[in-house]
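Structure first, then comments.
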Amino acid sequence: MAIQHVLAVVPVSDLAAARAWYERVLGTPPTNVPMPESLVEWRITGQGWVQVTLDPVRAGSGLLNFAVDDLNSHVAGLAAQGIEPDPVVTANRNVTLCSLQDPDGNTLTFIGNFRIDYSAPD
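This is how it looks when you write it as structure tokens:
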């Protein structure tokens, strides 16, 4: 048995509003709309997907992390879309983080200087 895809699920209370917001943040319309009234999804990487689903009970409880190649450019791109994230902060070992919340309060964090192996020296 081998896992072939990873799907992160974000619960929202208003799918139409969330879809429009995620289109701006992700810079593209959904890759798939398997259930137009309750689920839209974006292919983020080769095997990684984000699903935005209508689930008012859980809305606002989601956490998504995205490693990006140039955090400052990414934040500037968000600002160009009228989206103002929190300030960029430096975490451990020169990793930088910048978060924002979707209309329901789900938190998206963009990560700069991400590493797969944190045991290696800086």
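The opening residue of the sequence shown carries number 3 in this note's numbering; numbering runs sequentially from there. For each residue, glycine too, the CB sits at the ideal point set by N, CA and C.
Following the DSSP letters along the chain, one finds R45 inside the beta strand (DSSP E) bounded by residues 41-45. Here the alpha carbons of M3 and Y24 stand approximately 32 Å from one another.
Minimum Cα-Cα distance from T109 among the listed residues A19, P13, V59, R45 corresponds to P13. Secondary structure at V27: helix, using DSSP grouped into helix, strand and coil. N67 carries a strand assignment under DSSP once its states are collapsed to helix, strand and coil.
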